[in-house]
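A quick write-up on the structure given underneath.
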Amino acid sequence: MIGNFPYIAAIIFIGLGIYTLMFKKNLIKIAIGVVLIQNGVNLFLITLGYIKGAVAPIYTYAPSGQIMVLPTPQALTLTSIVIGIATTALILSIAMMIYKHYGTLDTDQVRRLRG
Amino acid sequence: MKQMSRIVRTVTNLIYGFIIIFGFYVILHGHLTPGGGFQGGAIVASAFALLLISYGALNTEKLLKKDLLSILESGGLTMFIGTAFLGLGITFFYNFLANSGSWFGDAAVIGINPGNMNTGGVIPLMNIAVGLEVLSALGVIVLVMASGAEFTKKKENS
Amino acid sequence: MNLSNHIPILIIAIPLLAAFLVPLIGRINKKATGILTTLALSVSLILTIILAVKILTVGPQVYVFGAQSPALTLPSGLKFPIRIMFQIDAMGIFMGLITAVVSFSGAVYSLTFMEQHSGLDKYYSLLLLLTVGMFSMEFTGDIFNFFVFLEVASIAAVALISFRGVDLGEPAEAGFKYMVVSSISALMVLFAVGIFYGQYDLLNFAAIASVVKYSQLDKIALGLLVPVLAMKAGAVPMHMWTPDAYSEAPAPISMILVAASQASLYALFRVTFSLYNITLNTLAVGWIIIIFGLLSMFIGVTMAIIQKDIKRLMAYHAISQTGYMFLGVGVGLAVLANPVALSQYGITAMEGGIFHIMNHAMYKGLLFLTAGALFFRTGTKDLNKMGGLAHSMKYTTIFFIIGAAAIAGLPPFNGFASKLLIYESVYRFNPLLSIIAMVVSILTLASFVKVFHSAFLGPKLPQFREVKEVPKSMVWAMAILSCIIIFFGLFPDLIVKNLVHPAVMALIEQFKYTGTVLGGI
Amino acid sequence: MLGLLETGSGFWSAIIWVIVVLIIGGIVYYIRNKGEESYKKNTEQDKPFISGNPELSKEGSHISANHIYWGFTEALKDYYTPLVKTHTGNINDYSSWIIVITVIILIMVGVNG
Chain C
68 MIGNFPYIAA IIFIGLGIYT LMFKKNLIKI AIGVVLIQNG VNLFLITLGY IKGAVAPIYT
128 YAPSGQIMVL PTPQALTLTS IVIGIATTAL ILSIAMMIYK HYGTLDTDQV RRLRG
Chain B
209 MKQMSRIVRT VTNLIYGFII IFGFYVILHG HLTPGGGFQG GAIVASAFAL LLISYGALNT
269 EKLLKKDLLS ILESGGLTMF IGTAFLGLGI TFFYNFLANS GSWFGDAAVI GINPGNMNTG
329 GVIPLMNIAV GLEVLSALGV IVLVMASGAE FTKKKENS
Chain E
581 MNLSNHIPIL IIAIPLLAAF LVPLIGRINK KATGILTTLA LSVSLILTII LAVKILTVGP
641 QVYVFGAQSP ALTLPSGLKF PIRIMFQIDA MGIFMGLITA VVSFSGAVYS LTFMEQHSGL
701 DKYYSLLLLL TVGMFSMEFT GDIFNFFVFL EVASIAAVAL ISFRGVDLGE PAEAGFKYMV
761 VSSISALMVL FAVGIFYGQY DLLNFAAIAS VVKYSQLDKI ALGLLVPVLA MKAGAVPMHM
821 WTPDAYSEAP APISMILVAA SQASLYALFR VTFSLYNITL NTLAVGWIII IFGLLSMFIG
881 VTMAIIQKDI KRLMAYHAIS QTGYMFLGVG VGLAVLANPV ALSQYGITAM EGGIFHIMNH
941 AMYKGLLFLT AGALFFRTGT KDLNKMGGLA HSMKYTTIFF IIGAAAIAGL PPFNGFASKL
1001 LIYESVYRFN PLLSIIAMVV SILTLASFVK VFHSAFLGPK LPQFREVKEV PKSMVWAMAI
1061 LSCIIIFFGL FPDLIVKNLV HPAVMALIEQ FKYTGTVLGG I
Chain U
553 MLGLLETGSG FWSAIIWVIV VLIIGGIVYY IRNKGEESYK KNTEQDKPFI SGNPELSKEG
613 SHISANHIYW GFTEALKDYY TPLVKTHTGN INDYSSWIIV ITVIILIMVG VNG
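Protein chains in written order, with our numbering: chain C, 68 to 182; chain B, 209 to 366; chain E, 581 to 1101; chain U, 553 to 665.
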């Protein structure tokens, strides 16, 4: 059971992120929601490769006789983190531009494009 | 952003160089220890961010030139893709330096070892390229965002 | 070194190298950025055509990154591939051709369209990155790599959509919305990748396809992949970002965004056909896609009729035309498990849907370019303020007529050929679907008559007395697309037989897709 | 050569279509030439006849996009009002639609698949 906790945490992360996206009215909070989903998915990926009691998969001065965790999900997670940083930076800088032109971050007012 | 108190600035002066050196250490040892180009670059960029908070955007822009950083960014990216192109004799991204005896060309040891810097082939080269790219890109991002924030604040006050 | 083995990677690598060189060159000479971009994309276009000929005559191509040889998918007796690879079959190269043509003409058009803007080095760099992202989404044989390039394409697209956001509020708003929805979709894709990896320890499309069992977890992965990829393609009711993004982006970018959303559509077909194929309940999933298609067709076109903004109107039409592709391919998927129905009308329906992808990219691209030409000379996108422009913009008018006739499905243009294939085959699956499709086509014609009347016809308005024809590079870009449309319209049988049919068979015959990588065809 | 595109229930050929259009066009042109010969340019015959009302100025006669298909949208008001209202332009609604559709499809696939 305790081994499944990370999965539950990942789902909670994603759920919170979705809640934020659906119901929070501030553009910065929406950016936070996206980051929450990202973290949830990253946690899910990294948990896939985890083995109980194993060490990091690096040979330099590794303790002998220990099993290592699977490195592939870590590589995937790292890539996804890098992409996440680009996404977050872009969302935040566009939010700044919106604030510059609209003078507000409220989603109910940032909707000149509709219909 | 105004500059912060003298205490903060002094501490920044003290640790700023060490953070950058640690970042470059992580970049250069990317093929041996945890970390690599991205992580090391992010550490160096965090030093820039520290500078930005403690000294304010206007003072930092005197030290860190956006132009220079964006040249460095394009240069890093070109170096990365250029290294990939060099492997084109066999395949794109082929590690032509590994086990060749030249630069970074020692045979890698499989199993637990103390770590040899001179292994990895093109991987250290690509780590350096990515490191340059990330440190300059993140540096540009924090600088531009800081000056943008300055702009909006000015607009708010007026 | 035999360069002909490296064509698949050179198509991606040359624009990628150019994308990183453009900011450096832009410091020396501003004009050189556009020329370098056009050159890189023209090389890419030529290589894509060479590769297409090779694939259609020899067979699917594989390119393994960093391996001992480009075709070495299974080194030293491994059972499953471990390296990232490109796997290009007839369907992939079909999409690749669309991407190559569209991005090349977009770059040619940008040469003068974007001349007045600052920050052109970044514009061209992002344009190249968007192209690279689209190419890689279509060529990749690795599901995680697909996620990476989906994100690359959407980040580049967002930056291009909000390119004018420094001066205006609306482009920034459109960019924000697109970024949020595409982040959600990409993260759902990543979650599905995680499910596949956790279950099978595989990331290669072909390798997963050979072992997929359609277990409960696979169902969750399918349920995540289908809606988000349909959303990226602009399916109703998740289409609301489309008009915002298309209408606020610069015109050449709107055109390339159409091709980018079709890359997601391709991924949807790849997942349902090549990854799951008949393991899934084809009738249920096929009907899901057909319903997406019906809603997109009808709501897209009815919303388009009432629009006042010319690019927003065209964006709603993009949604509506995507519905035809969903409909055609959805019918093919619904009868996939039934060989008799598949050979009677399923394959024809899919040919119609797939052919429509290419036709749509061409004529919607042309229409967006004419809208951009109107904006370039009049400075407005509002149809209420336009009028009488046919007097002064003769070439643009002709190109608009070609594009409008093609999208409305008037013979002898290409839209008619693909729509006819869809009508006649879908009629045998379910007559009602076919009738709705025809009604939508009529409404499409009606709304383009509106655009044509309000923008081009009527007396010369006093405020547009100074308006003249657009510069040469823009005319050339539109002329390229018009020639393709007329050629496709006059000789649809050549295209269907040589390009579309192999693409459809590549989707249907899953064993060939897996066999290319795992051996044993 | 004629470009026959098989559709499963028949065929389509743009070349034949173009030839037929050219032939019909030739016939139409021929009939048109047989017509009224008393027409002269730049006389009263060129003026539009609007039941005796005075002719509008050229600039005033342009119908802007707002007025085209007014009857169509007016007749379908019950369809359009809720539809336009759904397109709120609010990013929360955009994400909500995606999540809701994803959940629906997950349920459909889970039950039927």
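Positions of the beta carbon are idealized from the N, C-alpha and C atoms, including for glycine.
Alpha helix (DSSP H) runs wholly inside the stretch 232-298 of chain B, at least 4 long, in chain order: 245-263, 265-271, 274-294
Please report whether the beta-carbon of S648 (chain U) lies at a distance below 8 Å from any beta-carbon of chain C. yes
Look at the alpha carbon of D173 (chain C) and the alpha carbon of R892 (chain E), and state the distance between them as a whole number of angstroms. 24 Å
Selection from E:G1069, E:S795, E:L619, E:D889 that minimises the alpha carbon distance to N964 (chain E): E:D889
For E607 (chain U), which residues in the same chain have their Cβ closer than 8 Å to its Cβ, ignoring the five residues on either side in sequence? K599, P600
Any idea what DSSP makes of V352 (chain B), helix, strand or coil? helix
Sort out for me which residues DSSP pairs W564 (chain U) with in a bridge. U:L557
With DSSP as the reference, identify every bridge partner of N93 (chain C), one or two as the case may be. C:D173
DSSP three-state label for F724 (chain E), please. helix
Looking only at its own chain, which residues have a Cβ that is under 8 Å from the Cβ of V1047 (chain E), when we skip the five neighbours before and after it? R957, T958, L969, S972, M973
Any beta carbon from chain B within less than 8 Å of S649 (chain E)'s own beta carbon? yes
Along the stretch 137-165 of chain C, what residues have a CB closer than 8 Å to any CB found in chain E? T139, P140, L143, T146, S147, I150, A153, T154, L157, I158, I161, A162, M164, I165
On the three-state DSSP scale, how would you describe I127 (chain C)? The sequence shown places Thr at residue 127 (chain C), not Ile. Of the three classes helix, strand and coil, the one that applies to T127 (chain C) here is strand, per DSSP.
Residues of the stretch 289-309 of chain B with Cβ closer than 9 Å to any Cβ of chain E, in chain order: I289, G290, A292, F293, G295, L296, G297, I298, T299, F300, F301, Y302, N303
Please name the residue in E:G932, E:L954, E:Y780 whose C-alpha comes closest to that of I1002 (chain E). E:G932
Strictly by DSSP, which residues pair up with M135 (chain C)? C:V122
In the DSSP assignment, find the unbroken beta strand (DSSP E) run with M665 (chain E) in it and report its ends. 665-668
Let's test the definition: count the other Cβ atoms within 10 Å of the Cβ of A914 (chain E) and tell me whether it reaches 16, buried, or not, exposed. buried
Could one say the Cβ of A76 (chain C) lies closer than 8 Å to chain B's Cβ atoms, at least one of them? no
Proximal residues of chain C, C-beta to C-beta of D824 (chain E) below 7 Å: L180
Based on the DSSP secondary-structure assignment, which residues constitute the bridge partners of Y643 (chain E)? E:F666
In terms of alpha-carbon separation, which member of E:G903, E:I1066, E:G749 lies closest to G170 (chain C)? E:G749
Chain-ordered chain C contacts of T640 (chain U) [CB-CB under 8 Å]: R178, R181
Tell me the DSSP secondary structure of N321 (chain B) in three-state form. strand
For chain U, find out if any of its Cβ atoms is closer than 8 Å to the Cβ of I85 (chain C); answer yes or no. yes
Contact under 8 Å by Cβ, G745 (chain E) with I161 (chain C): yes
Here's a check: name, in chain order, each residue in its chain whose Cβ is nearer than 7 Å to the Cβ of I251 (chain B), leaving out the five neighbours to either side. I227, F230, G231, V234
For the alpha helix (DSSP H) that contains N669 (chain U), what are its first and last residues? No answer is possible for residue 669 (chain U): it lies beyond the span of chain U, which begins at 553 and ends at 665.
Can you give me the start and stop residues for the alpha helix (DSSP H) that L619 (chain E) sits inside? 610-637
Mind checking the stretch 583-600 of chain E against chain B and listing, in chain order, the residues whose C-beta falls within less than 7 Å of any C-beta there? H586, I589, A593, L596, L597, F600
Looking only at its own chain, which residues have a Cβ that is under 6 Å from the Cβ of N725 (chain E), when we skip the five neighbours before and after it? I664
Under 9 Å Cβ-Cβ, which residues of chain U neighbour A953 (chain E)? Those within 9 Å of A953 (chain E) in chain U number zero; the least Cβ separation is about 18 Å.
Quick one: what's N784 (chain E) bridged to in DSSP? E:D722
Helix, strand or coil: which one does DSSP assign to D630 (chain U)? helix
Check distances from the C-beta atoms of the stretch 323-354 of chain B to those of chain C and list, in chain order, the residues that come in under 7 Å. G323, I349, M353
contact_flag[the stretch 923-939 of chain E, the stretch 568-580 of chain U] where n(CB pairs < 8 Å) is 3 or more: no
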